[in-house]
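Beneath this line is the structure, given in structure tokens, with notes to follow.
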Amino acid sequence: MSRFFARSDSESEESSSDDEITDKAPGATFKQSLLLSDDEEDTKRVVRSAKDKRFEELTNLIKTIRNAMKIRDMSKCLEEFEQLCRAFLKSKNIVDKEGIPPFYIRLLADLEDYLNQLWEDKEGKKKMNKNNAKALSTLRQKIRKYNRDFESEIAAYKENPQESADEEEEEKEPEDSGSSSDSEGEVSSKSFLKKKPEAPSEATDRSQTAKESEDKSSSSDEDDDDDDDDDGDWSPSDSDSRSETSDKEEENALKRKRLVTFLKVKRSQDTEKPGVRKEERKKKPKQKEQIEEEAEEEGGWEKVNRGVPLVKEKPKMFAKGTEINTAVVVKKLNEILQARGKKGTDRAAQIELFHALAAIAAENNLGQGILVKIKFNIIASLYDYNPNLAAFMKPDMWKKCLDCIDELLDILFEHNNIFIGENIAEDSENLAVSDQPFRVRGCILTLVERMDEEFTKIMQNTDPHSQEYVDNLKDEGRVCGIIDRLLTYMENKGSTEEICRVYLRRIMHTYYKFDYKAHRRSLGLQGETKSEQDQRQEENKEENKEESEGEDSAVIMDRLCKFIYAKDRTDRIRTCAILCHIYHHALHSRWYQARDLMLMSHLQDNIQHADPPVQILYNRTMVQLGICAFRQGMIKDAHNALLDIQSSGRAKELLGQGLLMRNMQERNAEQEKIEKRRQVPFHMHINLELLECVYLVSAMLLEIPYMAAHEFDARRRMISKQFHHQLRVGERQPLLGPPESMREHVVAASKAMKMGDWRTCHSFIINEKMNSKVWDLFPEIQKVREMLVRKIQEESLRTYLFTYSSVYDSISMATLSEMFELEMPTVHSIISKMIINEELMASLDQPTQTVVMHRTEPTSLQNMALQLAEKLGNLVENNERVFDLKQGVYGGYFNRDQKGGYQQKQSYQRDQKSYQQKQSGYQRGGYRNQNQGNY
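Residues in the sequence shown are numbered from 334 upward in steps of one, following the numbering used here.
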């Protein structure tokens, strides 16, 4: 019977039966211990389905994988994932019946996202050890391959992840309820102990206090409740057996029941706390948003930005009754300056304090000296507002900066008794009204230079295709105005070095701009006759002089640059001035002045030792020089000037107009930031397509006649590798359609010029598409087109004579003039130059105006035979050298002394030299037999 009654469902009955067994007589201990073991076995026996077993195995593995994901243990993740795949394969029959569990799909989706995130995190991958990195790569491949079978389920989960999580919880609830229905008290107590393993003493103390309180409080109401519960749970036969137990056993059962309920309540409270905290955290931002919205509607609250740190020690303004004088204001100024640069300082508030201090100084008439000093500090604080060098000034700060510099210059121009300089010490400053002239420590030139750099940064960091860029570019007029005012001030009070620095700043804002007014004046003078020009110059001499000095940039550049050439002591300023001067000459088609200045300066000899900004300026100058030579018809000079830039394939980077994609080994992030700061603003860019077109057209006009003249020459050199590369690309195309890009137009024109068809070549080079892309960008469009047509006609004539001279016995120059639409003198001069330079074997018959060909040139078959003979001779030479090396002509290591070996080597070199000098096309074999003894 005791065994039967021990198998009860309620927790109170379990505890009472245990107490009954422990309180028996000592003689029955063995039997009762056996009964106890049977009871424990019965309570642990839980019948579970195969589905529960398999799903529990999967959930355990998933928990292990998630724990490994938290600590980034990729080796553990890989091992457990393989076990999970095997476990899922075992439970295939159950999955087919029940469907794929949502928690499994959820893990696959989360794991793949987690691995992709780790893979993209390059810094995190570098910190991993070898095993984890290898496991990450392997696991990433496996999960991608494995997830292909579950694409639809994963996609459904990602569309509605909350639904799958809810389904998972619904599946877990019946399982948990089914498995824990028999031992609710034990589960709750165990989970409570697992929740807080670090403090077991607290749980025991609480159980002891609960027992003592229950011993003291044994009221009749509790007994009645217990009796009611017993009556509801037990049958009358059971009550008879129950009545045999003692009162002490009932008390023990009651104690156990109270203890279990205490533990259960405590566990539920502990488990509910994190959820409540999460809900509270979620509710907090919503409550904040509601409060802010209500405040905005009422209009009585102000939103405080807590992101900006407050000043740690905000200096207070003057107390009431304080006598405000220069010393007090300087002391307050130093207090504000002490917070400058410290962590947590509000820079905006500091600028406001400076403005307030300047207003106080102006109200109390403390003089212009203290006001200038405060203005210096305001401008410096505006520059320090962004501590990062790469960051650019915001629009409002930029406007304030320009206004402050203008105000400072106004004060300096109005009051001539203010002397400023970096060499003035703080102790020797004169700021009081009584101590005049004022002496203030500071450098206005440094502030203006920094302003110019900030303007460049603003333009670099603005989208060049937006309206914002245009608006920012309008400020350049104001920047140039400030530099001009500073230039006027420095010419009166500055040193020679400072004047040179200001002049360079003015030059840097002038050299790249095309002077349209001067260009129009020159065009107007060119259209008039000489008498009209003289008359107009006499009538408006003074007006023209003022115009030229005030507006013509060539006069300004000449004056500023010549001053720097004469007075500057630093090579860098002089070098920059020379390069800007050359650029300006080339931009305005003054080719000879620009070329002579470049040759006299010898900058190309040591420019590689200059700093990168100067090298970029040199590259820009050379490119502009080449474009100027092309406009003037100097095709060879244009090609030579552009060769270095275009052959490198890095024109964009060398001109400072962008960065090319490179490997991280060649350029790290810090170097990339530095190179970005060196970039030229967009409004100063040179059109790269125009540059490449000029180079390719120049190469075409040089290369095509040269290729025709040396068609069968094995030692023919390439004038332009890039041009030949474009030709090869065009030849590889399986289907040749009409040209679309600029390069395709040049390649098609080159093929036409090879055949001597100048009209087709002209149509490919000059058409609507090429005009819109390239030629319309030149200031003198019509002149450039006429020059191109003339060059194409001349070079096509030369190519035609080189290609077809072997066909003609004689050809009339009149016929050539008609074919290529050239004047007779031009045709005569071209053919004469070709005959003088021994390019064309012919003679001119003056009476008949005929070119008589001399058939001394070899035919194509003879040329090929000569090439074959030359290649065979080279092959024989190489074979003989190899043979002589094997025979030991130089003397072996063991069978010669040093002197003899050296003499043999010298004699071999002499014989080899004489052999090369005496060989001729078809006598190499006989010569070798005659001189066989020498080898």
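For glycine and all other residues, C-beta sits at the position ideal for the given N, C-alpha and C.
Anticipated Cβ contact below 8 Å, residue i with residue j, distance rounded
| i | j | result |
| --- | --- | --- |
| residue 666 | residue 712 | The Cβ separation is near 14 Å, so there is no contact. |
| residue 989 | residue 1013 | 4 Å |
| residue 955 | residue 978 | 7 Å |
| residue 331 | residue 951 | Missing from the structure shown is residue 331; the chain here goes from 334 to 1268 and no further. |
| residue 848 | residue 885 | 6 Å |
| residue 922 | residue 971 | Actually they are not in contact, since the Cβ atoms of residue 922 and residue 971 sit about 13 Å apart, beyond 8 Å. |
Distance, residue j Cα to residue i Cα
| i | j | result |
| --- | --- | --- |
| residue 991 | residue 1203 | 48 Å |
| residue 794 | residue 984 | 21 Å |
| residue 1149 | residue 1071 | 29 Å |
| residue 801 | residue 1001 | 31 Å |
| residue 1086 | residue 810 | 48 Å |
| residue 431 | residue 460 | 43 Å |
| residue 825 | residue 659 | 29 Å |
| residue 1163 | residue 1192 | 24 Å |
| residue 480 | residue 421 | 13 Å |
| residue 812 | residue 909 | 20 Å |
| residue 757 | residue 953 | 40 Å |
| residue 639 | residue 679 | Low local confidence applies: a pLDDT of 48 at residue 639 is under 50, so the model's placement there is unreliable, and no value is given. |
| residue 790 | residue 982 | 27 Å |
| residue 674 | residue 741 | 24 Å |
| residue 898 | residue 934 | 11 Å |
| residue 806 | residue 1020 | 19 Å |
| residue 965 | residue 814 | 35 Å |
| residue 1127 | residue 891 | 38 Å |
| residue 749 | residue 773 | 13 Å |
| residue 781 | residue 755 | 14 Å |
| residue 1084 | residue 796 | 41 Å |
| residue 412 | residue 450 | 20 Å |
| residue 1017 | residue 686 | 39 Å |
| residue 1098 | residue 1118 | 10 Å |
| residue 1102 | residue 936 | 38 Å |
| residue 462 | residue 386 | 37 Å |
| residue 739 | residue 1037 | 60 Å |
Exposure label - residue i; buried when at least 16 CB within 10 Å
| i | result |
| --- | --- |
| residue 901 | buried |
| residue 916 | buried |
| residue 1007 | exposed |
| residue 724 | exposed |
| residue 957 | buried |
| residue 959 | buried |
| residue 472 | buried |
| residue 400 | exposed |
| residue 381 | exposed |
| residue 1081 | buried |
| residue 829 | exposed |
| residue 1155 | buried |
| residue 677 | exposed |
| residue 1179 | exposed |
| residue 404 | exposed |
| residue 1169 | exposed |
| residue 1056 | buried |
| residue 415 | exposed |
| residue 424 | buried |
Short Cβ contact (8 Å threshold) for residue i with residue j
| i | j | result |
| --- | --- | --- |
| residue 816 | residue 764 | no |
| residue 477 | residue 445 | yes |
| residue 1161 | residue 1174 | no |
| residue 1033 | residue 1079 | yes |
| residue 1041 | residue 963 | no |
| residue 402 | residue 447 | yes |
| residue 1094 | residue 1129 | yes |
| residue 1157 | residue 1146 | yes |
| residue 657 | residue 693 | yes |
| residue 1132 | residue 1089 | yes |
| residue 820 | residue 803 | no |
Taking 8 Å as the threshold, find out whether the region 832-841 comes into contact with the region 902-913 through three or more Cβ pairs.
-> yes
Is the region 1112-1130 touching the region 1059-1073 in the sense that three or more CB pairs, one from each, lie closer than 8 Å?
-> no
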